[in-house]
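Chains as they are written, first to last, in this note's numbering: chain A, 7 to 188; chain B, 6 to 432.
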Amino acid sequence: MAHTAVDATNPAAGDDPSRRDFIHIAALTAAAGGGLAAIWPFVAQMNPSADTLALASVEYDLTKIEPAQQVTINWRGKPLFIRNRTPEQIAAAVKDDHAALRDPQTDAERHKEGKAQWLVLVGSCTHLGCVPTVGGGEYGGWFCPCHGSHYDTSGRIRKGPAPKNLAVPDYAFLSDTKVKIG
Amino acid sequence: MSGHSTYEPKNGFSRWLDARLPVGRLVWDSFVDYPTPRNLNYWWTFGGILSLCLAVQLITGIVLAMHYTPSAATAFNSVEHIMRDVNYGWLLRYMHANGASMFFIAVYIHMLRGVYYGSYKSPREVLWILGCVIYLLMMATAFMGYVLPWGQMSFHGAVVITNLLGAFPVVGDAITTLLWGGFAVDEPTLKRFFSLHYLLPFMIAGVVILHVWALHVVGQNNPTGVEPKSKADTLPFTPYATVKDGFAMSLFVILFATFVFYLPDALGHADNYIPANPLVTPSHIVPEWYFLPFYAILRAIPDKLMGVLAMFGAIACIFALPWLDTSKVKSMRYRPQARLYFFIFLVACVILGFCGAKLPDDQVIPGLETFQLLDSKLNSWVWLSRVATLYYFAYFLLVMPLLGLFEKPLPTPETISSPVLGGDKKD
Numbered sequence: 007m008a009h010t011a012v013d014a015t016n017p018a019a020g021d022d023p024s025r026r027d028f029i030h031i032a033a034l035t036a037a038a039g040g041g042l043a044a045i046w047p048f049v050a051q052m053n054p055s056a057d058t059l060a061l062a063s064v065e066y067d068l069t070k071i072e073p074a075q076q077v078t079i080n081w082r083g084k085p086l087f088i089r090n091r092t093p094e095q096i097a098a099a100v101k102d103d104h105a106a107l108r109d110p111q112t113d114a115e116r117h118k119e120g121k122a123q124w125l126v127l128v129g130s131c132t133h134l135g136c137v138p139t140v141g142g143g144e145y146g147g148w149f150c151p152c153h154g155s156h157y158d159t160s161g162r163i164r165k166g167p168a169p170k171n172l173a174v175p176d177y178a179f180l181s182d183t184k185v186k187i188g
Numbered sequence: 006m007s008g009h010s011t012y013e014p015k016n017g018f019s020r021w022l023d024a025r026l027p028v029g030r031l032v033w034d035s036f037v038d039y040p041t042p043r044n045l046n047y048w049w050t051f052g053g054i055l056s057l058c059l060a061v062q063l064i065t066g067i068v069l070a071m072h073y074t075p076s077a078a079t080a081f082n083s084v085e086h087i088m089r090d091v092n093y094g095w096l097l098r099y100m101h102a103n104g105a106s107m108f109f110i111a112v113y114i115h116m117l118r119g120v121y122y123g124s125y126k127s128p129r130e131v132l133w134i135l136g137c138v139i140y141l142l143m144m145a146t147a148f149m150g151y152v153l154p155w156g157q158m159s160f161h162g163a164v165v166i167t168n169l170l171g172a173f174p175v176v177g178d179a180i181t182t183l184l185w186g187g188f189a190v191d192e193p194t195l196k197r198f199f200s201l202h203y204l205l206p207f208m209i210a211g212v213v214i215l216h217v218w219a220l221h222v223v224g225q226n227n228p229t230g231v232e233p234k235s236k237a238d239t240l241p242f243t244p245y246a247t248v249k250d251g252f253a254m255s256l257f258v259i260l261f262a263t264f265v266f267y268l269p270d271a272l273g274h275a276d277n278y279i280p281a282n283p284l285v286t287p288s289h290i291v292p293e294w295y296f297l298p299f300y301a302i303l304r305a306i307p308d309k310l311m312g313v314l315a316m317f318g319a320i321a322c323i324f325a326l327p328w329l330d331t332s333k334v335k336s337m338r339y340r341p342q343a344r345l346y347f348f349i350f351l352v353a354c355v356i357l358g359f360c361g362a363k364l365p366d367d368q369v370i371p372g373l374e375t376f377q378l379l380d381s382k383l384n385s386w387v388w389l390s391r392v393a394t395l396y397y398f399a400y401f402l403l404v405m406p407l408l409g410l411f412e413k414p415l416p417t418p419e420t421i422s423s424p425v426l427g428g429d430k431k432d
């Protein structure tokens, strides 16, 4: 191939289409790759920063919560519900385990084993993120004032536009009276 | 459209400049000698009014940014500082907040005028699309601006709207996290919203230039929808349109001033004077009035993803309008049936606005007991909003394409000047 580039007697040689194409493709690929590489940090900077990620877990002392009471704490900028359920509320939740549920889950799947009394949930409605009010709605669990979603005493969605049950975060009992969330 | 330029530089300097940067010629050809249809009515003055609104928002906004701090800890207090301590800060902020509402009043009238007189039809499709882009940018700007005072409505409005994008399967959660810069609406969200709220108005100004450029290529539509055919059909922009626009602007400024000085908080929400608290949602969360119809469409549909798609679809319909309407007759002045459906559409939009402001399950007619229909009582705002939503989409997707094929329009005049000067139709 090399001789074609210096072959002055052949005027078409300098316009060898395959060589031109190669240069065009190479240039465009480099520009596209470089462009994407340049855009990347500008998009990535929008994701949570290191200090935001570092503040991701909290501990809470459960002795402060009376039976039938709920506390709302701030976890990752979102409300977190810790509810001390009464035996009646637990029974109501267990009774509906096999009702027609939009996001089927049993009550036992939503609390730690042997700790049915304690329900730990992310307090953001799974519809559009409002904070549901405790004790409201047709099922005595939570009611979201924004768009009318009803949750039962297990935090499962029963009625309204929300698609999913109130989320259960990753948490663990450090002792009988202390939980660590996140 | 303006054809041959009639600009004549008057002195040595303007002759010198004209040969180097003919900016005087551009202004002369665009805003002085530019031919406008002679029959333009007052509905055509809203373009000028909108330019005024954009200028007011830009000027007051730039000044407010000198006193505001975009930080979750201090944003609310800095707004109160503007209201109480900064000289005339209350005036600037009330102008800016009510200015947004005025901007939307004007843009809705401007858009509806375009629909009524068929201003989106060939050759004005690009002009219409650019206008839709401006409207979209306005909505984004207004939404982010409403978040900045960091009150309860600001915060939870931001939560609800950003969660809309979480409705999309698979990528939804990643998108909301990216948008928030955290696990919830928080400090990083406020900071980026402030930055973008400052940027977008300049993008609007850029698209406005394209919009005016496109307008000056195809020329203005007019109440007859018949394109100008001769010099008898047009008048020069100055003084005719300038004076008429100026008079309409003066009236509009009176309305604006009435809100700024006498009803400064009437269009806002009292809960936004409570500092943002992520742990408590206001019992009744509503967007600003100009988003209520879309909010009602969102809530009309019981499924999250479908609701979000319907809301975006409602806006997409406006973009697609030039290709949905099959009628060759532009102005509804000669389309009596189209006029009827248009006015029902107006009513449907107003009903949607009301529905968006109410609690979905509340009764429309107080005290009237009705039966349960699927998920709610028939006499409820949610069912009314469903009926109106159905009409909204039917208007764009059924009435617009079909009516043009089946209706019998009235005869249109030969030229603009024949009904005005010849008197073959009373007007």
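We put the CB at the ideal spot given by N, CA and C, even for glycine.
Just so you know, these numbers come straight off a predicted model, no measurement behind them.
For residue 343(B), the number of other beta carbons within 10 angstroms of its own is at least 16, and it is reported as buried. At a cut-off of 8 Å between beta carbons, residue 80(A) contacts chain B. Contact check between the segment 84 to 94 of chain A and the segment 120 to 129 of chain A: three or more CB pairs, one atom from each, fall below 8 Å, which counts as touching. Relative to the Cα of residue 75(A), the nearest Cα in the group 180(A), 42(A), 82(A) and 95(A) belongs to 95(A). Counting every other CB atom within 10 Å of its CB across the protein chains shown gives residue 363(B) a total of 16 or more, marking it as buried. In the structure shown, residue 234(B) falls within a coil segment according to DSSP collapsed to helix, strand and coil. Excluding its 5 nearest sequence neighbours in each direction, residue 65(A) has C-beta neighbours in its own chain below 8 Å: 180, 184, 185, 186 and 187, listed in chain order.
Contact check for residue 326(B) and residue 216(B): beta-carbon distance about 16 Å, past the 8 Å limit, so the pair fails to qualify.
Between residue 98(A) and residue 159(A), the alpha-carbon positions lie close to 7 Å from each other. Taking 8 Å as the CB threshold, residue 156(A) stays off the interface with chain B. In the DSSP assignment, residue 186(A) forms a beta bridge with 65(A) and 178(A).
When the Cα atoms are used, residue 165(B) and residue 345(B) turn out to be separated by approximately 36 Å. Taking the Cα of residue 113(B) as reference, the smallest distance to any Cα among 169(B), 54(B) and 102(B) is reached at 54(B). At a cut-off of 8 Å between C-beta atoms, residue 58(A) counts as an interface residue with respect to chain B. Assignment of beta-bridge partners to residue 80(A) by DSSP yields 85(A). At a cut-off of 8 Å between beta-carbon atoms, residue 84(A) makes contact with chain B. Across the structure, residue 271(B) and residue 157(B) are spaced so that their CA atoms are roughly 17 Å apart. Just so you know, the alpha carbons of residue 140(A) and residue 146(A) end up roughly 8 Å apart.
In the same chain as residue 405(B), and ignoring 5 residues on each side of it, the C-beta atoms closer than 6 Å to its own belong to 329 and 330, in chain order.
When rounded, the separation of the alpha-carbon atoms in residue 348(B) and residue 355(B) is 11 Å.
Under DSSP, the beta-bridge partners assigned to residue 42(B) are 239(B). Using a Cβ-Cβ cut-off of 9 Å, residue 197(B) is close to 52 of chain A, given in chain order. Below 8 Å, enough C-beta pairs join the segment 201 to 214 of chain B and the segment 145 to 162 of chain B to call them touching: three or more. Using a Cβ-Cβ cut-off of 8 Å, residue 133(A) counts as an interface residue toward chain B, since at least one Cβ of chain B sits closer than that to its own. With its beta carbon less than 8 Å from one in chain B, residue 153(A) belongs to the interface.
Residue range 341 to 362 is occupied by the alpha helix (DSSP H) that includes residue 358(B).
Between the segment 12 to 21 of chain B and the segment 181 to 198 of chain B there are fewer than three inter-stretch CB-CB distances shorter than 8 Å, so the stretches are not counted as touching. In the structure shown, residue 294(B) falls within a helical segment according to DSSP collapsed to helix, strand and coil.
For residue 177(B) and residue 169(B), the gap between their C-alpha atoms comes out near 9 Å. Contact between the segment 386 to 393 of chain B and the segment 365 to 378 of chain B is present: 3 or more CB-CB pairs across the two stretches fall below 8 Å. None of the residues of the segment 63 to 77 of chain A has a beta carbon lying less than 7 Å from any beta carbon of chain B. For the segment 116 to 130 of chain A, the beta-carbon criterion of a distance under 7 Å to any beta-carbon of chain B is satisfied by none of its residues. By a beta-carbon distance limit of 8 Å, residue 104(A) does not contact residue 133(A). Their separation comes to about 25 Å.
Contact annotation: in the segment 287 to 309 of chain B, residues whose CB is within less than 9 Å of a CB in chain A are 287, 288, 289, 290, 303, 304, 306, 307, 308 and 309. Annotated three-state conformation of residue 421(B) is coil, per DSSP.
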